[in-house]
Structures are given as C-alpha cells and as structure tokens.
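Working notes, structure below.
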Amino acid sequence: MTVKKGFHVAVVGATGAVGGQMLQTLENRNFPISKLTLLSSSRSAGKKLTFKGEEYTVQEAKPESFEGVDIALFSAGGSVSKALAPEAAKRGAICVDNTSAFRMDQDTPLVVPEVNKADLHEHHGIIANPNCSTIQMVVALEPIRQKFGLKKVIVSTYQAVSGSGASAIEELNQQTKAIVSGESFEPKILPVKSDKLHYQIAFNAIPQIDVFEDNGFTYEEMKMINETKKIMHLPEVQVAATCVRIPVATGHSESVYFEIEEDGVTANDLKEIFATAPGVILQDDPSNQIYPMAVDCVGKNDVFVGRIRKDLDEPKGFHMWVVSDNLLKGAAWNSVQIAESLIHLGLVKEK
Ligand code: NAP
Ligand code: 3JN
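Per the working numbering, residue -12 is the first one in the sequence shown, and the count goes up by one each step.
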C-alpha cells in the first residue's frame, strides 16, 4: 500500500455552495492531502462526492470526526463552527473558519493573506476567514494604504445570490423562469431565510443582506465595517457600508469611495500601484470600455479593480469599482490560501 504524503484535511459543510468550491480549489491547487474527511449535517450523511476522481462518502460532523485531522475548513454556518471548531482545535487540528462566529474574537486572527498574513503566527487553533465583501475590498485598499495611508471608506455593494447559499441560487433560477413564463411564485429564502418577510430577487435589488441591527445597519454592513478595521490594523479608519443583493448568480461588485492621507495623488498613481498589487488585476480603460464585471470574474481567484477616478470635490478622495468571485477569493480560495500560508510558515505539521 502506498502512503500518501500530506495533511489530513476535513471539509465541514462539504455539500454546500462554499464547500463545493472548497473541494474544487483544493483539487485545482493540488493541495497536499494524505486523507480527506467530508462532513455535513445528518441530512447529507451518506451522500457521495468526488474528489480527484475518487468517491468519498459524506459523514455527519461530530466532535470525534476531528480525531487525527491536521486542517479543518469550516463553512457550515456559525452555530456549527461555535460547537465544533473548538472540538477540532482541542484534538490538534488547525481550523480555518468561514463563518462570523470567531471573526471579532481578540484571540482569533482574521486573515486575508495579501494584507495580514503575519497575523497567522498569533493563532490558537482557529483562524477566521473574513466576510466575502470585506475580503475583496481590503485586497484593493491595502496597497493604497501602504503607499498613501487611508482615512475613510464608503462602500456600496452589489452582491450575488450565491453568497446566501445553494438555496438562494435555486430561488433566483426558479423565480426568473416563473416570471418569464408568466407563472406565480412565492419568495421563501431572500433576503434572509429566518427573517419575517421574503422578497422577489429576480429583476430586483434588495437593500438588506443579513438581519438589521439596532443602529440601522445590517449585520453584513457591520461585518464590513468591523472586519476592515481589524484586518488592516486601522481602528481609527472611518468605514460605512450599504449592502445590496442583486440578481446575479456569482460575483460580488462594489462601488468604493475612499480618502487617503496624502495630498497631490492622481488616479494614474493609483493605477500604477494596482498594476503590480498582489491578488489584484487592473481592468481600467474607459476609452475601450474596459472595466471589471461579475460575469468575467467567475471561476477566478483574483480581485478585479477598475473605474478608478479622483473625486471632483475632495482632493484626497477617489472612487473605484471592485469585483471578485465571492465563493473563491470571498470564501474557498481565501481559506485554502490561509491553509497554504500556514504550511509555508511552518505553522501546521503533518501528524
Ligand atoms: P449552503 O449552500 O446552504 O451549505 C450549508 C452547508 O452546511 C451544507 O454542507 C450543510 O450540510 C452544512 N450544514 C448545515 N447544518 C449543519 C450541521 N448542523 N452540521 C454540519 N453541517 C451542517 O451554505 P453556503 O453558502 O455553503 O455557506 C455555508 C456557511 O459558510 C454560511 O452559513 C456562512 O457562515 C459561511 N459563508 C461565508 C462566506 C464568506 O463571506 N466568507 C460566504 C458564504 C458563506 P447539509 O447538506 O447536510 O445540509
Ligand atoms: O451574503 C453574502 O453575500 C455573504 C454571506 C455570508 C454569510 C452568510 C451566512 C452567514 C456569513 C458570513 O460569512 O458572514 C454568515 C455568517 O455570519 O457566518
């Protein structure tokens, strides 16, 4: 029998929209895996999934599932992470958690490798993967901050339905078909499955992602505000967000207004920075109608930036359009990138 070299990897939520991309990304990256454990709820236990041409049976996630696991990638919702990530860490696994469960905990690094990879050294068994909308924005803002400082950010998002899971993709498809064929339908998932009211997403834009907080912002908006400050180590930066769901399957777009600290900077100075910034692809040529669009970013790991222009009134203010595949850089790729970084930094060892 040949012994495979690499790590025992567990994927929690393997049957979900993010979990599926997680498996695809591990496969595409040829991630060093000696053993793969696929976990879900009891609903999908027994289901077969294929990885690198081999069939795996999904098991129900339990504390004992993590015996011998080196790296556990969680994307099964916050309550599952709260219950099982500490159990996995207790058994010696390093957890990369895609939910908001631990993101703002002081002891948990919140990491986007292009921005704050060094924070991985501070981990205590759990590393948090930020919210998708935050990730793509900070990848674009960080190279600007490094050169010119950052004072203020105002972002409006145009978020794809896949951010809300496999059932939301299905809801958009069904509603679209129903509307074009003149049939009736009943919205059941968006904006938030557990909230009181549900609205049509096909041919619509819904200004609510996640539940409302007492301050009038939604939880998604508060994630963008708080996570940006933590990842960039900028507690004083002013951030405001408005998050909107649009009828796009995959690919979040963002209109980002930001103010830098330095005077005399031009839009061309920013374009020069983006041309070589890690994880960024510059697509900005208005005369030839070149700018990032959601349909073009699907299946790609990068963050696409364009429409860069200086504000007409505020000399330190700029606008840009930032697009990325929310299931890849926003979730699966950032998580696998964190796992690869842990290996390169010698922070995870094969058992
Ligand atoms: P999804 O398509 O609805 O999939 C949910 C997954 O979680 C399924 O595999 C499901 O298994 C599993 N699951 C549900 N309850 C479970 C339980 N009690 N124990 C074990 N597994 C359970 O949702 P998704 O879009 O993949 O998102 C999943 C989670 O990832 C979200 O809740 C969120 O926390 C996180 N997420 C993060 C980002 C980000 O911004 N970084 C983006 C999207 C999602 P079954 O097949 O058995 O139901
Ligand atoms: O809606 C989107 O586009 C992104 C959604 C992310 C999400 C969905 C459900 C629960 C999250 C997240 O990662 O912020 C969570 C969560 O709070 O864990």
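Every residue, glycine too, gets a C-beta built ideally from N, C-alpha and C.
Where residue i falls: helix, strand or coil (DSSP)
| i | result |
| --- | --- |
| residue 188 | coil |
| residue 89 | coil |
| residue 195 | coil |
| residue 327 | helix |
| residue 22 | strand |
| residue 278 | coil |
| residue 110 | coil |
| residue 261 | helix |
| residue 240 | strand |
| residue 154 | helix |
| residue 3 | coil |
| residue 166 | helix |
| residue 333 | coil |
| residue 54 | coil |
| residue 297 | strand |
| residue 312 | coil |
| residue 286 | coil |
| residue 219 | coil |
| residue 246 | strand |
| residue 66 | helix |
| residue 149 | helix |
| residue 130 | helix |
| residue 32 | coil |
| residue 256 | helix |
| residue 13 | helix |
| residue 77 | helix |
Distance cut-off 8 Å: residue i Cβ against heavy atoms of ligand 3
| i | result |
| --- | --- |
| residue 317 | Ligand 3 is not among the ligands present in this structure, which contains only ligand 1 and ligand 2. |
Which residues DSSP lists as bridging residue i, in chain order
| i | result |
| --- | --- |
| residue 42 | 37 |
| residue 135 | In the DSSP output, where bridge partners are listed per residue, residue 135 has none listed. |
| residue 230 | 144 |
| residue -5 | 22 |
| residue 115 | 84 and 97 |
| residue 59 | -3 and 82 |
| residue 205 | 199 |
| residue 225 | 139 |
| residue 210 | Answer is none; residue 210 lacks a bridge partner. |
| residue 272 | 277 |
| residue 291 | 268 and 310 |
| residue 304 | 246 |
| residue 47 | 27 |
Neighbour flag for residue i against chain D, beta carbons, 9 Å
| i | result |
| --- | --- |
| residue 65 | The structure shown contains no chain D; it is built from a single protein chain. |
Beta-carbon separation (whole angstroms), residue i vs residue j, contact threshold 8 Å
| i | j | result |
| --- | --- | --- |
| residue 48 | residue -1 | 5 Å |
| residue 125 | residue 218 | 5 Å |
| residue 4 | residue 153 | 5 Å |
| residue 57 | residue 80 | 6 Å |
| residue 247 | residue 303 | 5 Å |
| residue 133 | residue 309 | So it is not a contact: roughly 17 Å between Cβ atoms. |
| residue 29 | residue 1 | Contact doesn't hold; Cβ gap of about 14 Å is too wide. |
| residue 8 | residue 332 | Not really, about 24 Å apart at Cβ, beyond 8 Å. |
Close-in-space but distant-in-sequence residues of the same chain around residue i (CB under 8 Å, 5 per side omitted)
| i | result |
| --- | --- |
| residue 65 | 86, 87 and 88 |
| residue 162 | 172, 174, 187, 188 and 189 |
| residue 21 | -10, -9, -8, -7, -6, -5 and 337 |
| residue 35 | 42, 43, 44 and 45 |
| residue 40 | none |
| residue 91 | 97, 213, 214 and 217 |
| residue 158 | 148, 174, 175, 176, 177 and 188 |
Spatial neighbours of residue i in its chain, beta-carbon cut-off 7 Å, leaving aside the 5 residues before and after
| i | result |
| --- | --- |
| residue 54 | 78 |
| residue 182 | 198 |
| residue 129 | 101, 102 and 219 |
| residue 94 | 111 |
| residue 285 | 237, 238 and 312 |
| residue 69 | 88 |
| residue 210 | 87, 118 and 121 |
| residue 71 | -1, 48 and 50 |
Residues near residue i in its chain [Cβ-Cβ closer than 6 Å; skip 5 each side]
| i | result |
| --- | --- |
| residue 235 | 147 and 281 |
| residue 24 | -3 |
| residue 160 | none |
| residue 208 | 228 and 230 |
| residue 63 | -1 and 0 |
* Cβ contact check for the stretch 172 to 180 and the stretch 192 to 210: 3 or more pairs under 8 Å -> Yes: at least three Cβ pairs fall under 8 Å.
* Do the stretch 292 to 309 and the stretch 318 to 328 touch if we need at least three Cβ pairs shorter than 8 Å? -> Contact fails: fewer than three Cβ-Cβ distances are below 8 Å.
* So does the stretch 63 to 81 actually touch the stretch 105 to 115, counting three or more Cβ pairs closer than 8 Å? -> Touching, yes.
* With contact counted as at least three CB pairs below 8 Å, one residue from each stretch, are the stretch 233 to 242 and the stretch 255 to 262 in contact? -> Counting C-beta pairs with one atom in each stretch, the stretch 233 to 242 and the stretch 255 to 262 have fewer than three that are closer than 8 Å, which means they do not touch.
* **Sufficient close CB pairs (3 or more, under 8 Å) joining the stretch 213 to 227 to the stretch 255 to 275** => The stretch 213 to 227, when compared against the stretch 255 to 275, does not touch it at the 8 Å Cβ threshold.
* Pairing CB atoms from the stretch 288 to 297 with CB atoms from the stretch 262 to 276, are three or more of them under 8 Å? -> Segments in contact, yes.
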